[in-house]
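> My structure is below; once you've seen it, I'll send some questions.
In the working numbering, the protein residues as written are 12 to 776.
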């Protein structure tokens with residue numbers, strides 16, 4: 012009786028009817044007879060009835076009120092070395108902007124100061140549609156805040172890059188893939204978000220996209236405005252290791268920094284598929300960001316006594332303008348079912364202009380003398396980047412796939428800084444701060460990648476990348492000093508992954524790759540940023556590249572859970588250092604340490620369901636880092652074992668209400684010469700849809716306990732100290748979004764025949 016009833020329900024579900032009345036005449040017949048029932052004229056359909064007739068036995072009526080089909084959708088695809096999150100198929104695409112989306116990615120942690128880590132480690136490379144974003148710090152955070160979440164299709168978290176990607180970086184890559192193919196017809200998404208911390212912030216955006224036959228066009232515009240707040244306290248202990256305690260000197264600093272910002276973002280993409288084998292397109296991106304930093308700094312010198320010897324009050328006013336214009340085109344051709352040829356060209360222009368005015372008043376406590384000073388500075392930065400790449404993929408034989416290609420990148424950068432100081436009742440050029448810097452690069456690459464499935468249980472993936480990087484840097488200043496750097500590197504970067512299928516549900520893989528971290532523009536540029544008369548930050552044109560060797564052993568279970576053991580060894584690691592100049596000013600600049608190593612244990616779970624309406628995504632790490640550097644006096648070590656855990660909780664409540672509770676904890680960690688204390692945070696949000704899911708209301712609260720406060724301790728051969736930042740990170744906000752669809756549904760035949768090539772380049776600013 013049970014199997015007959017199941018067969019009947021299956022027939023009903025095929026026609027998606029909510030309410031059916033089935034009149035069934037039951038007799039004993041086997042499954043083959045049932046499958047051929049229609050041909051035997053014993054199965055007949057009417058508008059409201061399904062009848063299986065047999066006049067030999069009695070009649071029975073079964074009533075079914077409603078059939079509900081439940082399917083749990085997991086938007087995460089987990090493989091060894093890559094985690095793929097389909098944002099467009101979840102509620103995350105109504106989260107406002109890309110920054111909020113990334114905060115909800117497994118293993119991704121975003122600090123208020125712009126530092127982004129993956130699986131508890133920094134050194135993340137950012138790709139947009141497989142292209143390097145070339146942005147870091149505040150510029151990157153502002154850019155991600157301006158990018159609409161609705162424009163994102165997929166987020167890829169990559170820890171095992173192959174030879175088709177540039178060798179730059181620590182093998183930690185975040186790739187944001189945007190929607191480039193719209194549904195047939197027209198789709199419009201309008202979103203507005205308001206956030207209130209200590210100050211107000213807002214963002215509005217609109218996206219319109221359409222596909223008409225073979226052409227797909229998408230336009231997105233975003234506008235954001237608000238104010239951020241940073242409260243900074245620091246203590247620096249100068250000459251702390253000298254044997255004469257009378258030389259001890261302490262400098263305490265308190266600063267309140269307000270940053271007003273306004274950002275415009277526009278992106279337009281055009282895709283054209285003249286045939287089912289060819290896809291081509293182009294894009295234009297404009298981003299204009301303005302920031303005004305207003306800072307008040309109070310510095311106190313303590314020279315071997317409790318009472319301060321001198322007090323310095325400093326005011327900084329910095330106007331920052333950043334503009335980005337990028338354009339590019341691509342061509343993808345599927346020559347046959349076993350081969351694909353991809354080409355692209357990109358041109359990116361960055362312009363940055365900073366104008367700074369600084370007033371300082373130094374009071375000598377002993378004799379009550381006051382020294383006033385005014386400093387004015389102007390800095391211009393221009394960066395032009397041209398990139399071309401071609402890649403061809405084909406099957407050599409069955410189960411042997413090859414990919415090979417080449418890439419060319421050219422970079423041209425120009426920076427000029429001019430400072431004047433008001434001294435002795437007249438303006439004078441500040442030659443120590445004024446400088447010019449020119450930097451050019453040519454990066455030529457050849458690569459190939461082979462994937463061979465030797466048997467049903469074993470796969471070998473191996474590749475090799477050759478890179479020839481040539482650099483030409485020239486630094487000058489008003490003292491007529493010149494620093495000309497000509498450097499050239501030729502290196503091979505191999506990678507290999509061996510995968511063994513232990514069963515249909517378990518896979519074991521071993522991976523190795525070699526990579527390089529070349530200094531980015533900000534690290535190379537000798538431009539000086541003046542925080543106060545005793546705190547400078549600058550780049551270092553003498554930096555050497557940092558070479559990295561990575562190994563990972565990964566176990567994947569049911570494509571849902573993974574356990575990974577990793578080991579990393581670095582030569583000449585680049586790290587910020589803290590030094591003193593001849594005027595006892597603290598100079599923060601990057602230096603090459605001797606070496607660094609680390610190992611880690613990582614666990615990922617894409618879905619844990621304690622109950623039907625509760626889903627958990629978990630990421631846990633245990634990392635050990637060891638940094639070593641040598642001075643003329645002694646050897647320094649910075650070691651730390653760091654636990655980290657991130658939990659994303661989603662609760663499906665009645666009436667289509669979704670509750671999110673996301674939290675992370677990162678234990679104390681070592682980073683170069685610095686020690687970073689533990690951090691933790693809890694974010695929550697409530698989401699509700701209306702009008703057939705067209706309108707979404709999202710209410711959220713970030714950093715509920717305002718616990719995401721970096722607390723840094725640094726050590727050096729002539730100075731140590733501590734540094735604490737408190738951001739306006741606790742905020743409550745509301746996001747409203749509405750989507751309008753008009754026209755047909757997506758035609759699967761018109762989908763993109765291939766994604767753009769992915770790349771990774773270390774050049775950032």
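Glycine included, C-beta positions come from ideal geometry on N, C-alpha and C. Fair warning: this is a prediction, and the values are worked out from it, not measured in the lab.
Go ahead and pull the three-state DSSP assignment for residue 777.
There is simply no residue 777 to check, as the chain begins at 12 and stops at 776 in what is shown.
> Tell me the DSSP bridge mates of residue 261?
Beta-bridge pairing links residue 261 to 248 and 313.
> Which residue from 594, 433 and 720 puts its Cα closest to that of residue 384?
Taking only the C-alpha atoms, the option nearest residue 384 is 433.
> Could you say if the segment 279-291 and the segment 234-246 meet the contact criterion of at least three C-beta pairs nearer than 8 Å?
At 8 Å Cβ cutoff, the stretches do not touch.
> Quick test of your reading: residue 604 and residue 683, contact by CB under 8 Å. State the CB separation rounded to the nearest angstrom.
About 7 Å; that satisfies the 8 Å criterion.
> Considering residue 545, what are the terminal residues of the beta strand (DSSP E) in which it resides?
Where residue 545 is concerned, there is no enclosing beta strand (DSSP E), given that its DSSP letter is neither H nor E.
> Could you tell me if residue 518 is buried or exposed, where buried requires 16 or more neighbouring beta carbons within 10 angstroms of its beta carbon?
Label assigned to residue 518: buried.
> Near residue 733, what residues of its chain come up, given a Cβ to Cβ distance below 8 Å and the 5 sequence neighbours on each side ignored?
The answer, listed in chain order, is 245, 246, 722, 723, 724 and 725.
> Looking at the strands, I want to know which residues DSSP matches up with residue 722.
BP columns for residue 722 point to 735.
> Where residue 646 and residue 261 are concerned, what is the direct C-alpha to C-alpha distance, given to the nearest angstrom?
If I take the Cα positions, the gap works out to 24 Å.
> Just the C-alpha distance for residue 750 and residue 99, rounded to the nearest angstrom, thanks.
Approximately 13 Å between the Cα atoms of the pair.
> Any idea what DSSP makes of residue 68, helix, strand or coil?
Note that residue 68 scores 46 on pLDDT, short of 50, meaning its location in the model is unreliable and no value can be drawn from it.
> Among 547, 620, 581 and 587, which one has its Cα closest to the Cα of residue 596?
Nearest option by C-alpha distance: 547.
> Whose CA, out of 351, 357, 346 and 330, lies closest to the CA of residue 340?
Among 351, 357, 346 and 330, the Cα nearest to that of residue 340 is on 357.
> Examine the Cβ distances between the segment 574-581 and the segment 605-619 and report whether three or more of them are shorter than 8 Å.
With a cut-off of 8 Å, the segment 605-619 and the segment 574-581 count as touching, because enough Cβ pairs lie within range.
> Of the choices 515, 218 and 525, whose alpha-carbon is the least far from that of residue 503?
For the residues 515, 218 and 525, the minimum Cα distance to residue 503 belongs to 525.
> Apart from the five residues on each side of it in sequence, which residues of its chain come closer than 6 Å, Cβ to Cβ, to residue 512?
Cβ within range, chain order: 468 and 518.
> So residue 696 is in the beta strand (DSSP E); what residue range does that whole segment cover?
Residue 696 -> beta strand (DSSP E) spans 690-701.
> Report the rounded CA-to-CA distance for residue 413 versus residue 284, giving the unit in angstroms.
So the two alpha carbons sit approximately 25 Å from each other.
> Can you find the residues in the same chain that come closer than 7 Å, C-beta to C-beta, to residue 86, ignoring five residues on each side of it along the sequence?
Here the set comprises 96, 97, 100 and 101.
> Quick check on residue 622: buried or exposed, where buried means 16 or more other Cβ atoms within 10 Å of its Cβ?
Exposed, by the Cβ-count rule.
> On the CB-based measure, 16 or more other CB atoms within 10 Å of its CB, does residue 135 come out buried or exposed?
Per the 10 Å Cβ criterion, buried.
> What separation, rounded to the nearest whole angstrom, lies between the Cα atoms of residue 521 and residue 544?
When rounded, the distance between both Cα atoms is 52 Å.
> Within this structure, are the beta carbons of residue 739 and residue 391 separated by less than 8 Å?
Result no, Cβ atoms of residue 739 and residue 391 do not sit closer than 8 Å.
> Are residue 346 and residue 306 touching if we call contact CB-CB under 8 Å?
Contact: no.
> Give the single residue among 471, 730, 704 and 456 whose Cα lies nearest to the Cα of residue 642.
Here the closest residue by C-alpha is 730.
> By DSSP's criteria, residue 380 is part of a beta bridge. Which residues make up the other side?
Answer is 375, bridged to residue 380.
> Taking C-beta to C-beta, are residue 612 and residue 633 nearer than 8 Å?
Against a cut-off of 8 Å, the Cβ pair of residue 633 and residue 612 comes out as a contact.
> Could you spell out where the alpha helix (DSSP H) holding residue 604 opens and where it closes?
Run containing residue 604: none; DSSP gives neither H nor E here.
> Would you mind sorting residue 753 into buried or exposed? The rule is 16 or more other CB atoms within 10 Å of its CB.
Counting Cβ neighbours within 10 Å, residue 753 comes out exposed, since fewer than 16 surround it.
> Do residue 585 and residue 540 come within 8 Å of each other at the CB atom, strictly closer than that value?
Not a contact, by the Cβ cut-off of 8 Å.
> What whole-angstrom Cβ distance do residue 688 and residue 679 have, given they're in contact under 8 Å?
That belief holds up - the Cβ atoms of residue 688 and residue 679 are roughly 5 Å apart, short of 8 Å.
> Sorted by chain position, which residues of the same chain lie with C-beta nearer than 6 Å to residue 198's C-beta, five sequence neighbours on each side aside?
Correct list, in chain order: 220 and 752.
> Does DSSP classify residue 328 as helix, strand or coil?
Strand at residue 328.
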